[in-house]
Every structure is written in C-alpha cells, then in structure tokens.
Amino acid sequence: MGANPWKAVDQINQKLRIPAAALQVPIGREDGFLGVVDLVRMKAIYNEGPKGEIIRETDEIPADIVELCKEKRQKLIETLADVDDEIAELFLDEQEPTIPQIKAAIRRATISLKFTPVMMGSALADKSVQPMLDAVCDYLPNPSEVENMALDKKRAEAPVKLVSYNSLPFVGLAFKLEESSFGQLTYIRVYQGTLRKGMNVFNARSDKKVRIPKIVRMHSNDMEEIPEIGAGEICAVFGVDCASGDTFTDGGLGYTMTSMFVPEPVISLSIKPKHTKDTPNFSKAMSRFTREDPTFRVHTDTESQETIISGMGELHLDIYVERMRREYRVECETGQPQVAYRETITKRVNFDHTLKKQSGGSGDFARVVGWMEPSEALGENKFEQQISGGTISEKFLFACEKGFMASTAKGPLLGHKVLGTSMVINDGATHAVDSSEMAFKNATQQAFRKAFQAGAPQVLEPLMKTTITAPNEFQGSVVGLLNKRNAVINDTEIGPEDFTVYADCSLNSMFGFSSQLRASTQGKGEFSMEFSHYSPAPPQLQKELVAKYEKEQKDKNA
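Numbering-wise, the sequence shown is residues 29 to 586 according to my numbering.
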C-alpha cells in the first residue's frame, strides 16, 4: 500500500536483471485498495469480511483499469515468450495462449529460474493473501521435484540423494528456532520419512538421542497439534534442545544435511548487563541467540574475563544488543567494536630450535627442525611432518601439531588468529629421560614465534563487499566517501533515477559509515555489506596496530 508496483517490477528487471512480470493488477491504491485483477484468468478478486477471509470473484473488472489490465496481460505473455519456447511459438503464430498454457509456462519458467512472477497485495490490509498462497502451489516446485542432498558420515561424507517418501527412514533439518511462552519452538523441515509424536530421533551434530514430545503445524500464530508429519512438510516441535542447522535422523542413518556455510566473524565487542540483577536474563539471551544464529558467537576473554560477542558487522551486533533490551529488558554496556584481524607470514623461514631446561631431577628437552612458509592461498593453516628414521616418535609429533595449532590461535603480532601458514618438521632430537609431550609442544610454540617474526609477518584486514544505492544527484558525494576510505570500486550501474556502486571496503574504515551516508544523501542512500576476503593491511595501519598491542601487553605485565 502506497508503493508504486510498476516501478518495483521495472526495478526487478533493470537492477536485478531478472525477467519479471506482474500476474495481478491492484484495484485501488493506499486506503482505497480493495483487491486485485488476476491477469491470467482476467477476473477481479475482492477480499471481504473483517480479516479478508471471504474471497469474491467476478468477471467485471473496474472500468478505469480495464485497459491497464489488457496492457499488463500482454506484457506478461511477451515476457513469457522470451523465456518459454511453447509460448514463443504461439506468440509468433499470433495465437492467444489458453489459461492452462499460461499457467504451465509460468511454472516451467519459474522453476528453471528464468522468470519471476510478481504478485500484488497487502498482508496488513488482509488483501490478496490467498491468491499469493495459491500461486505458491501453482508455480513453485513441490518437494518431490527438488533434489535434496545429504552427506553420509559413515562413507566419508559421500553425497546421498534424499527421496521425498514417507516410508523411508526419517531425515529432517531444524532450520529455525523461536522463543515462545511454552519454551523453545524448533521448526523442522522433513526431507525424507515420517516424524511422529513420541518418536526418538538422533541429532547428527551432537550424536544425542532426543524424544519428540509434541508436534504442531503452524498457521501463522495459531498451532494445530498433529500426531505425525510426512516428507516435504514443515512442522514445529517443543522440548528439543538443538541449534539452528542441526540434522535429525531416526538413528539408523549416518546422514547430515549439507551444512550451511558459516563465515568467520569479522567484528567483536565486549558486552555486559548494566545491572547485576539482569545477569540471568543476559545469560539466557546469549544462549538463545547463539542457538538461533550460527554467525553470532559468544565467548569469555580469558584475560579480562569480559563477555565478547562476535558477528558479521556493526549492524549485526547492534541488532542483538537492541533485541536484548526489547525482548529481555536487559540494558547493556558495550565496548568499542574490534575488527577481527588475521596474521600471516610472507616468506619461507627455516628453524632449528632446542628447548633444554635442567633444574634438578628430570628436565625438559626437545629439538625441532624444519621450516615455515605461507600457503599459496590464504586458506587453512597446515602442519606436516616429514620425519625419516624415527628421530621424533609419533606421540611427540602429535604434541608438535598441538603446539602449532595453539600458536595459530593467537598470533605473535596482535594476538589474532594466524591464517595461511604452513609448518613442516623434518628432523629433531629427543632425550631418553627429559623429553616429553609437553616439552615438544612448548618447543614447537617457541620455534613458531621465532620463525613467524623472521618471516616478514603481515597483518590481514577483512574486506567487505559493499553495495551502495542512492539517487543520481548524490553520485559524486558517495564516490567521495568511498575514496576517503581507500575503497576499491569494482562497478557502477546508473539507472534513470538511482545509481548503484559495488566496492570492496576495509571493515575498519566503515565504522560510522551509515550516518555519513545519510548525511551525504539527505537520508536517501542505503548500503549493505558482507564479508569478502582478507587482504594485507596498509603498512601504517599495521605499524599502529602492532604498537598498540605491544603497549597493552606491556601495561598488563607491569
């Protein structure tokens, strides 16, 4: 209501570059919005009753929109002719497609991702909701038409196709968690088999058995208790302790649904309740939020004992702080946002390090020889042993690996995680009495620190894929804002009224950007960010960050 539907359809075609056409024309607008005209069947549909639950259809289309409806129906057929061969053939032969032919073409083109049907309506005004739900049934694929894959953990995570049959073993996915007055409500999509009340299922992540005490089918906010639910359906269950994205099976299958990619957090800040009495609710909220959102992380800093929350951006964390206040009535104090930098080395370094301590009785002895080098891409860290002749035993090599992993968790430069670094141990020495697993772990950590400092260490900062849209008259101001932040502009699209800029920006430079963008565009600009990749930080920034970290460490040890 109040929106310009035809401008919206044009923007889908122009900005998103997706062939789209309206399937309906609204009858009236804003407060006078009464219903829609179905362009496929050329019928007027009105919603009546206190909640729009009564549908009235008529062939009488209001006289003031008859020509518009004919024009938009012709546009629909032309758009379908561009993406569907059957309609294209009829169009070229100047034949009018039948209603079943149009519906079939919309369905084919939608499922093949060649066309986007656009519906008109208002849930707030209870208008045209039922036709939209009918369109879901008419034009979107049913569960049996979608190929869903799982990973078989018993066969090295080999892909397995799930079949939407009720008679097969149960496989389901918890895709959403919601706090209700009855406790945690877990939404489950059943991909295969049947889920029954009282049934025991297994959580593939935790390997724990869970009993399903109650199954409900959701009708908006209303719940309908049901005894079972079949393949392809969605239900909600109570009393199941799980996290968003967990897979459930009947216990006989070692399947897990292909997990969602969960990127590493790029920003952190400290948080605590303003009043001590709110601590129980604060803890309850933290527990709930981490179960609901795998990109939201919470941990306690081992040195300061502060609670640290981490996420995908400043706005992401602001939303959770606001939810804490609104849903749990907990006022929070937060620290300054901290960017999740990474550390790496840029050249190969050989090392030969010996740990030798003797203080009466048995001492410590371990010698490790090898090299450290940057990996080809900034990927995972890698530990490798190339020992020949058994100079270091397997259990001591395992301790070396543990020492390497512990070192990469907190880098020498800033105390941030190390990325894209490989360590190879190819020689060493042991002592019959003084060597131990702890000695080799410590020796590896000491060798790591020395080699890292000698390997031309580099601070890496997160770059964010940033999209900014604003009216054309503000293009110069927006580009100026990006240039001040040393952003790399990848592309610019200029439309009749608005322009869109795609850029890679350092997260560190984007704090406070939203308020500056609003000021520069009279509140008409908008932007979105998502993590792109890590890139070397500018030398001056690295120098400042290292100096700050060294001062903090010196103050702690003073």
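Heads up, the beta-carbon is just placed ideally off N, CA and C, and yes, glycines get one too.
Alpha helix (DSSP H) containing Asn511: first to last residue?
Per DSSP, the continuous alpha helix (DSSP H) segment holding Asn511 begins and ends at Gln503 to Lys512.
Rounded to whole angstroms, what's the CA-CA distance from Leu201 to Lys584? Just pull it up for me.
CA-CA distance, Leu201 to Lys584, rounds to 46 Å.
Stretch-stretch touch, CB-based, cutoff 8 Å, three pairs: the segment 349 to 363 with the segment 543 to 557:
With fewer than three CB-CB distances shorter than 8 Å, the segment 349 to 363 does not count as touching the segment 543 to 557.
If you draw a straight line from the C-alpha of Met29 to the C-alpha of Pro171, how long is it?
Because the pLDDT at Met29 is just 40, under 50, the model does not fix this residue reliably, and the point stays unresolved.
Give the secondary structure of Ala190 by DSSP, where H, G and I count as helix, E and B as strand, and everything else as coil.
Reading off the sequence, residue 190 comes out as Leu, not Ala. Residue state, collapsed to three classes: strand.
So, Ile453 versus Gln481, is the Cβ gap smaller than 9 Å?
Taking C-beta atoms as the reference points, Ile453 and Gln481 fail to come closer than 9 Å.
So Ala479 packs on Val377, CB below 8 Å; how close in whole Å?
Yes, they are in contact, since the Cβ atoms of Ala479 and Val377 sit about 4 Å apart, within 8 Å.
Cα-Cα, which of Thr419, Leu425, Gly418 and Glu572 is closest to Glu412?
Comparing Cα positions, the closest option is Leu425.
Quick one: residues in its chain with C-beta nearer than 7 Å to the C-beta of Asn500, no 5 flanking neighbours on either side, listed in chain order?
So the list reads Ile522, Glu525, Asp526 and Phe527, once near-sequence residues are dropped.
Taking C-beta to C-beta, are Thr126 and Leu168 nearer than 9 Å?
Cβ distance not < 9 Å, so Thr126 and Leu168 don't count as in contact.
If you draw a straight line from the C-alpha of Leu196 to the C-alpha of Lys237, how long is it?
Straight-line Cα distance between these residues: approximately 19 Å.
Closest to Lys430 by CA distance: which of Gly258, Lys410, Gly77 and Val294 is it?
The shortest Cα separation from Lys430 among Gly258, Lys410, Gly77 and Val294 belongs to Lys410.
Using CA coordinates, which residue listed in Leu62, Val164 and Gly221 is at the minimum distance from Ser150?
Comparing Cα-Cα distances from Ser150 to each of Leu62, Val164 and Gly221, the minimum goes to Leu62.
Nearest-angstrom Cα distance between Val461 and Ala394?
Approximately 11 Å between the Cα atoms of the pair.
For the segment 316 to 397, list the beta strand (DSSP E) runs that are entirely contained and at least 3 residues long, ordered along the chain.
Fully enclosed beta strand (DSSP E) runs of 3 or longer: 325 to 328, 335 to 339, 360 to 362, 370 to 372 and 377 to 385.
Starting from Arg546, trace the alpha helix (DSSP H) in both directions and tell me its first and last residue.
Residues Phe541 to Ser548.
Nearest neighbour of Pro291, chosen from Ile240, Leu152 and Asp321 [CA to CA]
It is Asp321.
What residue range is occupied by the uninterrupted alpha helix (DSSP H) comprising Arg101?
For Arg101, the uninterrupted alpha helix (DSSP H) segment begins and ends at Val94 to Val111.
By the DSSP assignment, the alpha helix (DSSP H) with Val446 in it spans what residues?
Here Val446 belongs to no alpha helix (DSSP H), and DSSP marks it neither H nor E.
CA-to-CA distance, Leu441 to Lys579, given in whole angstroms
Computed Cα separation, rounded: 12 Å.
Here's a check: name, in chain order, each residue in its chain whose Cβ is nearer than 6 Å to the Cβ of Thr275, leaving out the five neighbours to either side.
Shown here for Thr275: same chain residues with a beta carbon closer than 6 Å to its own, the five before and five after excluded, namely Leu201, Ala232, Thr284 and Met285 in chain order.
For Glu580, name the three-state secondary structure that DSSP assigns.
Looking at Glu580 - three-state DSSP - the assignment turns out to be helix.
Specify the secondary structure class of Asn585 as computed by DSSP and reduced to three states.
Here Asn585 sits in helix by DSSP.
Between which two residues does the beta strand (DSSP E) containing Gly418 stretch?
Premise fails: Gly418 is in no beta strand (DSSP E) and is neither H nor E.
Span separating the alpha-carbon of Val574 from that of Gln386
Straight-line Cα distance between these residues: approximately 34 Å.
Our contact map puts Ala50 next to Val146 with C-beta atoms below 8 Å; I'd like the distance itself, whole angstroms only.
The pair is a contact, with the Cβ atoms about 5 Å apart (cut-off 8 Å).
Tell me the rounded alpha-carbon separation between Glu88 and Glu58.
When rounded, the distance between both Cα atoms is 22 Å.
Can you find the residues in the same chain that come closer than 6 Å, C-beta to C-beta, to Arg319, ignoring five residues on each side of it along the sequence?
Answer for Arg319: Leu205 and Ala271, listed in chain order.
Using 9 Å as the threshold, is the C-beta distance between Met340 and Glu558 below it?
In contact: Met340 and Glu558 (Cβ atoms closer than 9 Å).
Quick check on DSSP: helix, strand or coil for Gln52?
Reduced to three states, the DSSP call for Gln52 is strand.
Who are Asn75's beta bridge partners in DSSP?
Paired residue(s): Ile83.
contact_flag[the segment 208 to 219, the segment 246 to 266] where n(CB pairs < 8 Å) is 3 or more
The answer is yes - the segment 246 to 266 touches the segment 208 to 219, with three or more Cβ pairs under 8 Å.
Unbroken stretches of the beta strand (DSSP E), 3 residues or longer, contained in the segment 185 to 273
Annotation note: the segment 185 to 273 contains the following uninterrupted beta strand (DSSP E) runs of length 3 or greater, listed N- to C-terminal: 186 to 190, 199 to 208, 211 to 220, 228 to 231, 236 to 239, 243 to 247, 250 to 254 and 262 to 266.
Cβ-Cβ distance between Phe310 and Tyr348 below 9 Å
No.
Between Thr374 and the rest of its own chain, which residues show a CB-CB distance below 8 Å, the 5 nearest in sequence each way excluded?
Short of 8 Å from the beta carbon of Thr374, and not among the five residues preceding or following it, lie these beta carbons of its own chain, in chain order: Pro402, Gly483, Ala484, Pro485 and Gln486.
Do you know how far the Cα of Lys43 is from the Cα of Thr372?
Computed Cα separation, rounded: 39 Å.
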